[in-house]
Amino acid sequence: VFEEANLANDHNLLLMELLEKVARRHDFRILLHEKPFAGVNGSGKHNNWSLSTNTGVNLLKPGNNPKTNLRFLTFFVNTLAALHRHADVVRASIASVGNDHRLGANEAPPAIMSAFIGSQLSELLDALEDSIKAGKLTPADKTALKLEIGRIPEVLLDNTDRNRTSPFAFTGNKFELRAAGSTANCAVPMTVLNTIVAQQLKDFKASVDARMKGGDKKDDALLKELQKLIKACKAIRFEGNGYGEEWVKEAKKRGLSNLKDTPAALQVWGRKEVGELFSGLGVLTTEELHARQEVEYENYIMKRQIEARIAGDMATNIVIPAAIAYQNMLIENISGLAEVFGKEAKAMTSGQREILAQVSESVRELYSSQSKLRGERAKINKIDDVAKRADKYGSVVTPLIEEVGNHCARLERLVDNEIWPLPKFQEMLFTR
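Here my numbering is used: the first residue of the sequence shown is 95, the next is one more, and so on.
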């Protein structure tokens with residue numbers, strides 16, 4: 095089922111290309127968009143990630159004795175610590191226009207990075223944190239620790255995969271990054287995950303070595319450093335509902351970032367410490383990071399421009415003419431009944447007049463919104479700084495696109511099926 099990350103990512107990209115070709119061969123088109131239908135589950139990729147030795151030993155798989163479980167605990171806790179230290183970089187690695195539509199609703203993980211490890215494993219970490227005292231470990235401490243560490247395989251019998259709202263979940267012998275979009279090249283988040291864990295392990299080893307030079311035995315040094323990490327990264331662990339507004343407030347209290355859209359996430363690549371992280375490990379130079387950041391900004395702007403133009407064109411050339419045609423039909427009906435029934439027609443046509451008023455109001459609001467959208471785009475396109483331009487597309491243009499879409503959706507519900515020139519929402523998902 096699983097394979098080496100480079101190969102797995104290549105296979106994933108090849109499969110996407112194959113799906114496109116086979117679909118066209120049979121006169122279909124494949125829809126890989128992260129959020130093709132509003133209010134319905136989106137589409138993403140779950141990246142199952144673990145570390146293994148060159149002999150195939152999974153370092154995130156608990157063993158059946160305290161020694162192998164201490165090894166598991168070391169890599170497990172360091173991965174959590176890496177996510178806590180570099181959550182913004184992970185968020186930046188999965189940022190895209192399509193993912194902005196998806197994240198945070200309908201069984202998609204939120205934009206706030208957190209880790210779900212299961213309530214029992216979380217309780218076990220809390221117990222380990224409390225049981226390790228300052229200074230040397232007593233025999234009683236060591237016995238208690240061995241008992242706790244020995245319980246790890248038993249604890250993992252609990253379903254650690256229950257929380258579908260978490261972007262980063264531990265699932266028994268691996269972590270699962272669920273935040274990547276369905277169109278994503280997963281090489282980016284996987285490279286980021288490898289990089290941040292490598293840096294964290296490097297720093298952890300230096301701290302353990304320093305303790306051992308100070309006279310601590312290896313296991314004592316490991317456990318004391320693990321205690322520090324468990325405390326330090328506790329804020330990243332979250333077992334609750336990632337969709338709720340309560341989590342947004344709680345995450346803010348914990349000091350966790352909430353980079354709500356792609357422009358906010360992409361600015362992370364320009365941070366000095368991020369450049370030092372990647373260049374220090376020889377992954378990417380600062381110049382290479384900035385070049386990729388620039389390309390991502392341009393991609394974001396281009397895709398938002400396409401969305402805005404299509405929304406405006408459809409509103410002007412398709413939706414508004416259809417709505418006007420329905421208005422004319424209603425006017426003709428109301429006038430005809432008035433000719434036949436005279437004063438009695440007023441009561442008889444109250445429903446038609448109410449629908450006519452709603453359609454007319456929606457047409458007015460739609461025209462106003464799409465005109466504003468066109469005007470704002472023209473102003474924003476004059477901004478030279480690509481980051482500022484992308485930010486404006488996110489904060490100004492995107493809400494206007496949604497506004498246009500909402501007015502179109504209202505008219506879709508009002509206008510006669512026979513007049514409406516596009517497939518209606520329910521027709522695409524179900525039947526008329």
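Glycine residues also receive a C-beta, built at the ideal position from the N, C-alpha and C atoms.
For His-180, the secondary structure class from DSSP, reduced to helix, strand or coil, is coil. Each residue's CA atom was taken as its position, placing Tyr-337 and Glu-319 some 33 Å apart. Residue pairing by DSSP puts Leu-271 in a beta bridge opposite Asn-141, Phe-262. Inclusion of Ala-329 and Gly-349 in the CB contact set at 8 Å is warranted, their separation being smaller than that value. For Asp-121, there is no enclosing alpha helix (DSSP H), as DSSP marks it with neither H nor E. The beta carbons of Phe-332 and Ser-187 sit no closer together than 8 Å. Scanning Lys-354, Ser-465, Pro-415, Glu-392 for the CA closest to the CA of Ser-489 turns up Lys-354. Ranked by Cα distance from Gly-150, the first of Lys-312, Lys-347, Glu-98 is Glu-98.
For Asn-152, the pairing in a beta bridge is given by DSSP as Ser-146. Shortest Cα-Cα distance from Asp-182 to any of Leu-371, Glu-344, Leu-316 involves Leu-371.
In the structure shown, Arg-458 adopts helical secondary structure according to DSSP, grouped into three states.
Using a Cβ distance threshold of 8 Å, Ser-260 and Ser-137 do not count as a contacting pair. Within the region 426–482, the runs of alpha helix (DSSP H) that reach at least 4 residues and sit entirely inside it are, in chain order, 439–442, 444–474. By the criterion of a C-beta distance shorter than 6 Å, Lys-397 is surrounded in its chain by Val-191, once the five residues flanking it on both sides are discounted.
Collapsing the DSSP output to three states places Ala-402 in a helix.
Per DSSP, Pro-283 is one residue of the alpha helix (DSSP H) stretching across 281–307.
In this structure, Ala-175 is the residue among Phe-262, Ala-175, Val-434, Lys-347 with its C-alpha nearest to the C-alpha of Asp-297. Collapsing the DSSP output to three states places Phe-170 in a helix.
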